[in-house]
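In the numbering used here, the protein residues as written are 1 to 1130.
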């Protein structure tokens, strides 16, 4: 809530004014340019400019073309270790001396994986091509041969003169030459550049603004511009214009940047300075840093581990082959002589090493990465389709703008949030006011008792034709006071209608549109407008107000504009009755200081003329559900830090309102030192109160810091002796982020429950996020709505953009986007947790099934002389990962839920395992490996023991290789199906179809591959003729299947039971509580409203900036025609 005090004074003497602007200490790292190269261009001379080979205005964000897609995409895909591995493996399989598998067992899976990934990349790039084409083909008016013609954006070149119209985007970075406004002024909106929605003013230099829209003069303009080379500094530009023998200095105020929108200006002409990739907008876009998840990095490490295990097994088996050849192999050479190229057992062992490298290649799962991409894509669609994250007022759904970070959403430990527009609505509302001690804005019943505001109490402003229909107020007493012509009420609203720097525009007859430097001023002027004091128009010397239907013109004598230091503004006017009056409005805290007893000498002089009219309550409301969302995130042990450019008082106010800070905290530390020593002292004093032992040399972290000073290491969490908060401003932060001071800041801040950093630059926001990410080694999330938040959005592991009132730049640079902060809890606690759980279950099962499948060959080696023979049919090896086991694991990874979304939000504690990565880590991987070794042992020896020396009922032997192979692979498929069924908690029709359907599909394919027809067509490829028919009707087959399944399931069931009984974690206790509640439903809990602190904290001017005061008094806002007095409203 914001409070503004309004004052009035009649001044019978001359006044002198002094305004000092607040200086803000900012530290920014700027790269020094070596070898400065200036840009030279000539207006209206394409031949001259072509010598410098400047790019045209075409932009390109796509990666591929029709001709280079295949080679570039394949090159990128083979940079993945697994894909490169299988390519090398394919070449090895083409060597007949070592190949023990058919080439198609590797080619088919590899081609499928490459094709799926390639199609996905192609679809993404086609969308980029379409976006580029749409932008490049926009129309713009260009000056050609003395005429204004329509051209496409991509045809604009450096040195061209273009015409821009009202509400149109700027085509390129152009030097403003002239405009429809007096003095060559042009109003622009820069929301897509810096996130600010308030209007900014640009002005042409005098020598060119006189040309106005004279096409003859503009066509003859041949000025030469020398300026700095293209760079990404949005607020800096320097150059020199040489024209008619004179030179003129050019600065940022003369330049219109691409991405700006022309406002309140009918037309303007500009000289193109930078085009396409050279524009400051494109220079700032750059290449997005590819973000990898923690699980991605872990998978890469595990794949390397698998390579090492694979190499060790191949080496062990090759040694076994050499020993076997030396001891027993020579007895078989009469039947199986050595090839001519094998001269000894050592040579044979070397070849067998590579043969086993091929046989055991499925230890490294080729379909792992493509399966992960499919899972992430599916979970991304869940976010896009979530109706509860759809914002109906703007018709905007939540959007997953990347498909690579879904499971990372389930591991977030720190959330860094902007304030204005992210936690708040960035829409100022005139809520209440107090005039002469009487408060207006509350509803009362018949007995005079205050009651909650009801929509039925809304004030009817139909009596005022110029009222804003979107304005709402709920106290008719104020309307009655206005109509009764109460003198103080009259002066109160007169002050609001005069003391501002708002610009008015009448786009449609009778409809006024206000353009304010801040939403604060707009809300106050709109309020006075609705109550009958309509600010109509202004010149450099007058302000026209329609007071209760009567037009009155006030002479403007002086404006003392708003500044961050003064936190107030004043105007001096002469009324139509020839009275000189001063109106002042400002932050309540500042006004109270002016009336403080220490100002007694001032009061003696001025109080005879200074009267307090009243106070207004302007509120930038918190977005709906923000306090509840932050409380929920806190319960999930997610820390929320506010990083804002706003002032300290407002930031702290919001922190209390949204429950980041609480009144019951043991303390809130404020760091506001202006030098390094003071900041260090304040940080250590805070740490001394929270945890005194952290300052001792014997502290474990201090010892660790003394040993590891160069390489960033993981800083452990420290538990404070209580609950604390921290506030630090940008000036102090500049010192705290230097050298070893950053560790002092990090330790102090991480002990606190909540942290507020205010008056920050965009660079400092990114530095704070990077600091936590580097030393805490946790998943960070940054959320913001403006272009000034892009740095921290890109620096964090996950960037979330709010589609708000500050443009689209934050959203376009984010990984996920939606419209309301409250959706964050659903994104993390529901979609994030589900995605993390699903990915962990997928990886555990995927590695397990491949280990169990591959290691059967290892046991078989001890019975075939280590000769690199395979247990399975080659077609089974080809189809195992791609067909037989692909759908069940995808079904598990896309539809699995341990609890539904309601329980996920009711028990935020369920989120904790992801933060500590409990469900899949190196320890869990080793469990998968041990489980796979055990299962492969069972899958090999149980079938072997079952059919050893066995016969059918008709006396025929079934102890042949093909029968054994079929029993092993069928048992393997059955065991894998039971394992995934055991891991599934949430059964759907699709889950049943995928799991049991895949099992049935395997037996159908098995009968087909063993059919007579297929053998007759391809006898050398399909050699298991009739084996399926012969073995599937044998009791030994089904006995083996049941026994193997039971033996493989017992350890899993036993481990899960003992784990819950002996080593339960917090999440297990919560799940038990949920299951108990499901069996014994309780009555629905009574919803309690989050208690907000009752302390009044002023938040004035958290969006108010230096206004148009100097511009107004200069007279440059005057239209060329006379200002029209609005009599149409009468």
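Cβ atoms here follow ideal geometry from the backbone N, Cα and C, with glycine treated the same way.
Residue i, buried or exposed, once every other Cβ within 10 Å from all chains shown has been counted against 16
i	result
residue 866	buried
residue 1095	Annotation note: pLDDT 46 at residue 1095 (below 50); position unreliable, coordinate value reported separately. The residue in question, residue 1095, is exposed, as its Cβ has fewer than 16 Cβ neighbours within 10 Å.
residue 974	buried
residue 14	Since pLDDT at residue 14 reaches only 33, below the 50 mark, its modelled position is unreliable, and no value is offered.
residue 1200	Because the chain here runs from 1 to 1130, residue 1200 falls outside it and cannot be looked at.
residue 412	buried
residue 568	buried
residue 681	exposed
residue 686	buried
residue 360	buried
residue 44	buried
residue 1112	buried
residue 209	buried
residue 1004	exposed
residue 513	exposed
residue 754	buried
residue 811	buried
residue 951	exposed
residue 790	buried
Residue i Cβ short of 7 Å to the ligand GDP heavy atom set
i	result
residue 184	This structure simply doesn't include the ligand GDP, nor any ligand for that matter.
Rounded Cβ spacing between residue i and residue j (contact assumed at less than 8 Å)
i	j	result
residue 880	residue 853	6 Å
residue 639	residue 414	5 Å
residue 160	residue 272	5 Å
residue 303	residue 81	6 Å
residue 911	residue 523	About 38 Å separates the two Cβ atoms, so there is no contact after all.
residue 176	residue 187	Wrong, their Cβ atoms sit about 11 Å apart, outside the cutoff.
residue 259	residue 241	That belief does not hold up - the Cβ atoms of residue 259 and residue 241 are roughly 23 Å apart, past 8 Å.
residue 840	residue 935	Not quite, the Cβ-Cβ distance comes to about 19 Å (not below 8 Å), so this is no contact.
Simplified DSSP state of residue i, which is helix, strand or coil
i	result
residue 836	helix
residue 189	strand
residue 60	coil
residue 502	coil
residue 987	coil
residue 936	helix
residue 439	strand
residue 1112	helix
residue 582	strand
residue 459	coil
residue 1133	Because the chain spans 1 through 1130 in this model, residue 1133 falls outside it and cannot be assessed.
Bridge partner(s) assigned by DSSP for residue i
i	result
residue 261	169, 189
residue 818	802
residue 41	225
residue 550	547
residue 247	242
residue 779	412
residue 727	670, 756
residue 381	Answer by DSSP bridge pairing: none, since residue 381 is not bridged.
residue 866	DSSP, once it has assigned bridges, lists no residue as partnering residue 866.
Practice task
Check whether the region 768-784 touches the region 647-659, counting contact only when three or more Cβ pairs, one atom from each stretch, lie closer than 8 Å.
Solution key: no
Problem - Segment contact flag, the region 39-57 with the region 144-158, C-beta cutoff 8 Å, min 3 pairs - result: yes
Handout entry: the region 108-122 touching the region 364-382, judged by at least three CB pairs closer than 8 Å
Key = yes
Problem - the region 806-825 touching the region 621-631, judged by at least three CB pairs closer than 8 Å - result: yes
Problem - the region 877-891 / the region 993-1003 touching (three or more Cβ pairs under 8 Å) - result: Contact between the region 877-891 and the region 993-1003 is established, with three or more Cβ pairs separated by less than 8 Å.
Practice task
Could you say if the region 833-840 and the region 373-386 meet the contact criterion of at least three C-beta pairs nearer than 8 Å?
Solution key: yes
Handout entry: Touching by the beta-carbon criterion (3+ pairs, under 8 Å), the region 416-431 and the region 661-668
Key = no
Practice task
Decide yes or no for the touch test of the region 265-280 against the region 226-245: beta carbon pairs closer than 8 Å, at least 3 of them.
Solution key: yes
Handout entry: Inter-stretch contact (C-beta, 8 Å, three-pair minimum) for the region 889-896 and the region 981-995
Key = yes
Problem - Any 3 or more C-beta pairs closer than 8 Å across the region 527-538 and the region 457-470 - result: yes
Exercise for the section: Determine, using beta-carbon pairs with one atom in the region 1031-1045 and one in the region 961-979, whether at least three such pairs fall under 8 Å. Expected result: yes
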